[in-house]
Every structure is written in C-alpha cells, then in structure tokens.
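One point on numbering: in the numbering used here, the residue at position 393 of the sequence shown is 402, and numbering is uninterrupted.
Ideal placement from N, C-alpha and C gives every residue a C-beta, glycine not left out.
Read the structure below first, then the notes.
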Amino acid sequence: MKRAQTLIPGGVNSPVRAFRAVGGTPLFMSRGEGPYLYDLDDNRYIDYVLSWGPLILGHAHQAVVRAIAERTVRGTSFGAPTELESDLAARILDALPSMERVRMVNSGTEATMSALRLARGFTGRKKIIKFVGCYHGHADSLLIRAGSGVATFSLPDSPGVPPEVAALTISLPYNDLAAVKDAFAQFGEEIAAVIVEPVGGNMGMVLPKEGFLAGLREVTQAYGSLLIFDEVMTGFRVHYGGAQGYYGVKPDLTTLGKVIGGGLPVGAYGGRKEIMDLVAPAGPVYQAGTLSGNPLAVAAGLATLQTLAEEGVYERLEACSAQLVAAFLDAGKRYGIPVQGSYVGGMFGCFFAENPVTDYASAAQADKARYASYFHALLDCGVYMAPSHLEAGFVSLAHDDTVLATTCDAIDSAMRAIC
Ligand code: PMP
Numbered sequence: 010m011k012r013a014q015t016l017i018p019g020g021v022n023s024p025v026r027a028f029r030a031v032g033g034t035p036l037f038m039s040r041g042e043g044p045y046l047y048d049l050d051d052n053r054y055i056d057y058v059l060s061w062g063p064l065i066l067g068h069a070h071q072a073v074v075r076a077i078a079e080r081t082v083r084g085t086s087f088g089a090p091t092e093l094e095s096d097l098a099a100r101i102l103d104a105l106p107s108m109e110r111v112r113m114v115n116s117g118t119e120a121t122m123s124a125l126r127l128a129r130g131f132t133g134r135k136k137i138i139k140f141v142g143c144y145h146g147h148a149d150s151l152l153i154r155a156g157s158g159v160a161t162f163s164l165p166d167s168p169g170v171p172p173e174v175a176a177l178t179i180s181l182p183y184n185d186l187a188a189v190k191d192a193f194a195q196f197g198e199e200i201a202a203v204i205v206e207p208v209g210g211n212m213g214m215v216l217p218k219e220g221f222l223a224g225l226r227e228v229t230q231a232y233g234s235l236l237i238f239d240e241v242m243t244g245f246r247v248h249y250g251g252a253q254g255y256y257g258v259k260p261d262l263t264t265l266g267k268v269i270g271g272g273l274p275v276g277a278y279g280g281r282k283e284i285m286d287l288v289a290p291a292g293p294v295y296q297a298g299t300l301s302g303n304p305l306a307v308a309a310g311l312a313t314l315q316t317l318a319e320e321g322v323y324e325r326l327e328a329c330s331a332q333l334v335a336a337f338l339d340a341g342k343r344y345g346i347p348v349q350g351s352y353v354g355g356m357f358g359c360f361f362a363e364n365p366v367t368d369y370a371s372a373a374q375a376d377k378a379r380y381a382s383y384f385h386a387l388l389d390c391g392v393y394m395a396p397s398h399l400e401a402g403f404v405s406l407a408h409d410d411t412v413l414a415t416t417c418d419a420i421d422s423a424m425r426a427i428c
C-alpha cells in the first residue's frame with residue numbers, strides 16, 4: 010500500500026477500495042477461486058463483494074475462463090463487428106423485453122452518461138431527476154448527491170462539476186413519490202428523464218416501496234419524460250429479467266453493467282427502438298468506443314448469462330441472501346444490537362440501525378463505527394464484506410451450503426465480539 014500510494018492517488022484505482030470508511034489498510038488480492046478470495050499472504054476469505062457485483066458465478070468460473078481463453082488466442086480486439094456481439098445483444102433483449110435495441114459500452118458510468126445524453130437528445134429537454142444516495146457512475150450530471158464512495162467520503166458535489174451542469178440535476182429523496190410529483194408540477198415540461206436505481210444499492214441496500222417504481226412510470230409518461238432504470242447493479246442479479254422483471258415495471262431506457270461482463274469491463278444501454286434509433290450511426294446522438302463490444306468481454310458476459318439462464322438459479326441466489334440476512338437479524342436480537350436487513354435475488358443489505366431504512370437520510374443514520382468493527386471482526390473470521398456500511402452485499406452460485414454455514418457462524422462470532 011505504501012508503494013501504491015507513491016504511484017496512484019490514494020493507492021487505489023477506485024476510492025471505496027481504500028478502506029477509508031472502515032479504517033485499516035486494504036487487503037491486496039492475489040487470486041480468486043469460487044466463493045473465495047486470497048490475499049498476498051495467501052489468507053483465504055469468503056467473498057461477498059465479488060468485484061462489486063459482477064461475479065455472480067463466483068471467481069474464475071470454468072465456463073467464463075474457457076470462453077475468455079478461447080477468444081484470447083484468436084485476437085483480443087478488432088475494432089470491427091463480430092457475431093458474438095449480436096449473440097450477447099440478443100440474449101439481453103430476450104431477457105429484458107423493454108429493451109428493443111442495445112449498445113455495448115465499457116463501464117456503468119459510460120452507460121448512464123450515454124443514456125442521459127440520449128434522453129436529452131430524444132426529448133429536447135435539459136433537466137433530469139435523480140435520487141439522493143443513488144449512484145450512477147461519475148459523469149458530471151450524475152455526481153450530484155450520489156451514494157457509494159461519494160457518500161462514504163462526504164463529497165456531495167465534486168469539485169470540477171460546473172455549477173451550471175449541476176443546476177440541471179434535481180435530487181429528490183428515494184421512495185418519495187410525492188416529491189417527484191411536486192417536481193414535475195413545477196418543471197414537468199423541462200424534465201428529460203428520471204433516472205433511478207430500481208433497488209437502491211449504493212446507500213447500502215434499500216428496497217423500493219410498493220408503488221414507487223410504478224408511480225415513476227406513470228408520472229414520467231404523463232409529462233413525456235423518459236424513465237431510465239439504472240440496472241448496472243440489479244441487472245441479471247435480482248432476477249434474470251432485472252429489477253424491471255422482478256417488479257413488473259417497464260422503463261423507456263435501461264443501463265446495464267457488472268454481471269453482463271462476467272468480470273470484464275462492460276456496460277450497455279438500451280430501450281425502445283424509436284429512442285435507440287437516434288444513436289449514431291443510426292441517428293444523430295453521438296456515442297462511440299474503441300474497445301466497445303470487444304470479444305473477450307462479450308465472451309465472458311455471454312458465458313455468464315448462459316449459465317444464469319438455467320433453471321432455479323435465482324431461487325438459489327435469493328435463498329442464499331435470505332439465509333445471510335436472517336443470520337444477521339438473529340444475531341442482532343441475540344446480542345441486543347439494533348439491526349435492519351433486507352434482500353432481493355442475489356443482493357442483500359445489513360444496517361446497524363434502530364429504524365427501517367427507506368432512503369439516504371435513514372441510511373446515513375446507521376451506525377458507521379459499529380459497521381467498521383463488524384467488518385473487521387468478520388475479516389478476522391475469514392469473511393470479506395464491503396468495506397463500507399453504504400454498500401450492498403452480493404452472493405454467487407459458488408456460495409454453497411458449507412460456505413454459507415461457515416459465514417453464518419462468522420456473523421454470530423463477529424456480532425458477539427462487537428456487542
Ligand atoms: N450505476 C450503478 C447503479 C452502479 O452501482 C455503478 C457502480 N457501482 C455504476 C452505475 C457505475 O458503474 P462503473 O463503476 O462500471 O462505471
């Protein structure tokens with residue numbers, strides 16, 4: 010870490026990795042295998058970060074490794090179309106019927122940034138609505154009252170984001186449909202889009218209240234605004250059809266990332282044909298990428314989605330999440346520690362909080378110091394959770410019953426240690 014700090018800002022290539030929220034020095038990893046991560050000293054950890062969500066099959070899954078290896082020997086990038094891109098596109102469109110066309114990019118940030126440009130190009134409007142605590146990557150318009158590392162580091166607005174750009178973003182509390190309706194009553198004709206994480210995953214995990222997503226659908230439609238579901242985290246994680254499949258609400262545009270790249274750098278955005286046909290070269294809204302749709306990333310994504318399409322996958326993932334959250338809630342009761350927990354599909358959230366968490370304000374009231382102690386106690390037991398209380402947890406198909414039982418024991422020990 011000392012060497013890295015002399016070479017890389019803060020020693021890391023993405024802020025949350027630095028352990029600032031929990032203290033201590035980040036572990037440097039050497040390899041991953043199924044549910045396990047190994048650090049440089051060869052200590053083994055059961056991994057619930059999973060590269061922040063993509064590794065839904067676990068580390069170094071055979072099908073993914075084989076797909077990447079097979080493609081690698083045939084060349085790593087062509088900057089020209091391949092058949093494989095259409096195979097992945099077809100699979101994505103088949104899983105998420107609201108997407109009639111999809112464009113591959115290289116990260117979640119690129120996906121949301123491009124979707125916003127497209128929404129503005131389509132509607133001819135400038136303003137957008139986002140929700141406090143929702144993180145949509147680090148494009149200027151979206152780095153306003155965002156969650157994840159921005160929340161952890163208390164940087165509600167980043168220096169470098171021009172105030173003129175920030176002024177076009179309206180930030181509202183998550184799950185507050187009345188606030189959305191008020192904003193539309195005031196600015197309705199100016200709002201290009203509402204962008205939302207259909208399950209909040211960057212202020213810890215926060216479920217949408219009943220009717221919230223459907224309400225967003227209704228009000229955006231009424232004002233000719235687009236609804237963008239940022240499913241970078243939830244896509245192929247909470248359900249094969251994403252959160253939109255799980256909750257039965259159809260957005261106009263969807264952004265994807267993480268799982269669709271199987272651990273390689275990938276993102277995508279897509280939606281209704283009439284909107285997507287505005288994207289260059291079909292239309293005038295410009296967006297491009299030298300490495301977009303590159304064969305390695307597409308092959309890894311395709312192998313991942315093929316495995317996820319098998320029967321029973323999401324039932325298994327949700328059962329894993331449920332077991333972990335139950336262990337956390339039980340231990341809270343047993344040791345008299347106020348806790349909250351929730352899960353959906355292969356993601357889960359755990360807070361040290363007295364009251365249910367429904368938005369950023371309630372998430373921010375959770376006990377950060379206690380989470381830090383819990384995090385380190387779990388690490389001592391060989392379990393690696395997110396190094397911040399404002400992040401979600403992730404499970405994979407490699408987390409078998411033995412691994413889960415070991416984790417539940419570790420949760421009990423960690424809670425006993427911190428009570
Ligand atoms: N949207 C959401 C919902 C995310 O969780 C993230 C990353 N955690 C992003 C966008 C940005 O993706 P990336 O880090 O790949 O740029």
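Beta-carbon spacing of residue 264, residue 120 below 8 Å: yes
Residue 145 beta carbon near ligand 1 (any heavy atom closer than 7 Å): yes
So is the beta-carbon of residue 118 under 7 Å away from any non-hydrogen atom of ligand 1? Yes, the beta carbon of residue 118 sits closer than 7 Å to at least one heavy atom of ligand 1.
Can you list, in chain order, the residues of its chain with a C-beta nearer than 6 Å to that of residue 392? Leave out the 5 residues immediately preceding and following it. 55, 416, 419
Status (buried if at least 16 other CB within 10 Å, exposed otherwise) for residue 414: exposed
For residue 405, which residues of its own chain have a beta-carbon under 7 Å away from its beta-carbon, when the five flanking residues on both sides are left out? 44, 59, 64, 65, 66, 67
Give me whichever residues DSSP pairs with residue 111 in a beta bridge. 279
Tell me the rounded alpha-carbon separation between residue 194 and residue 154. 22 Å
Quick one: which unbroken alpha helix (DSSP H) runs of 4-plus residues sit fully inside the region 75-132? Chain order, please. 92-104, 117-132
Contact set for residue 358: own chain, Cβ-Cβ below 6 Å, skip 5 residues either direction: 213, 214, 351, 401
Return yes when the Cβ of residue 262 is within less than 8 Å of the Cβ of residue 128, no when it is not. Going by C-beta atoms, residue 128 is nearer than 8 Å to residue 262.
Cα-Cα, which of 23, 300, 184, 336 is closest to residue 84? 300
If contacts are defined as beta-carbon pairs under 8 Å, then residue 137 and residue 201 qualify, I think. What distance do you get, rounded to the angstrom? 6 Å
Can you list, in chain order, the stretches of the alpha helix (DSSP H) that have 4 or more residues and sit fully within the region 206-243? 221-231
DSSP beta-bridge partners for residue 42? Under DSSP, residue 42 forms a beta bridge with 45.
Report the residue ranges of all beta strand (DSSP E) runs contained in full by the region 355-419; include only those spanning at least 3 residues, in chain order. 356-360
Is residue 247 helix, strand or coil when you go by DSSP? coil
Residue interval of the beta strand (DSSP E) (run including residue 350): 349-353
Please report the straight-line C-alpha distance between residue 191 and residue 209, rounded to a whole angstrom. 22 Å
Taking C-beta to C-beta, are residue 346 and residue 382 nearer than 8 Å? no
Just list the residues that DSSP pairs residue 136 with in beta bridges. 200
Buried or exposed by the 16-neighbour rule on C-beta atoms within 10 Å, applied to residue 239: buried
Could you check if residue 327 is buried or exposed, using at least 16 other CB atoms within 10 Å of its CB as the buried criterion? buried
The region 18-28 touching the region 220-238, judged by at least three CB pairs closer than 8 Å: no
Limits of the unbroken alpha helix (DSSP H) element including residue 338: 322-344
Buried or exposed by the 16-neighbour rule on C-beta atoms within 10 Å, applied to residue 33: exposed
Identify, in the order they occur along the chain, each residue of the same chain with its Cβ nearer than 7 Å to the Cβ of residue 374, setting aside the five sequence neighbours on each side. 362
Where does residue 31 sit, in a helix, a strand or coil, going by DSSP? coil
If you compare alpha carbons, which of 307, 354, 296 is closest to residue 321? The shortest Cα separation from residue 321 among 307, 354, 296 belongs to 354.
Short check: CB of residue 235 to CB of residue 131, under 8 Å? Going by C-beta atoms, residue 235 is nearer than 8 Å to residue 131.
Is the closest heavy atom of ligand 1 to the C-beta of residue 242 under 7 Å? yes
Could you tell me the distance, in whole angstroms, from the CA atom of residue 164 to the CA atom of residue 14? Bear in mind that the predicted position of residue 164 carries a pLDDT of just 48, short of 50, making it unreliable; the figure below should be weighed with that in mind. The alpha-carbon atoms of residue 164 and residue 14 are separated by roughly 21 Å.
Counterpart residues of residue 180 in DSSP-defined beta bridges: 139
Assuming residue 245 contacts residue 275 (C-beta within less than 8 Å), just tell me the rounded distance between them. Incorrect: roughly 12 Å between the Cβ atoms, too far for contact.
For residue 191, which three-state DSSP category applies? Here residue 191 sits in helix by DSSP.
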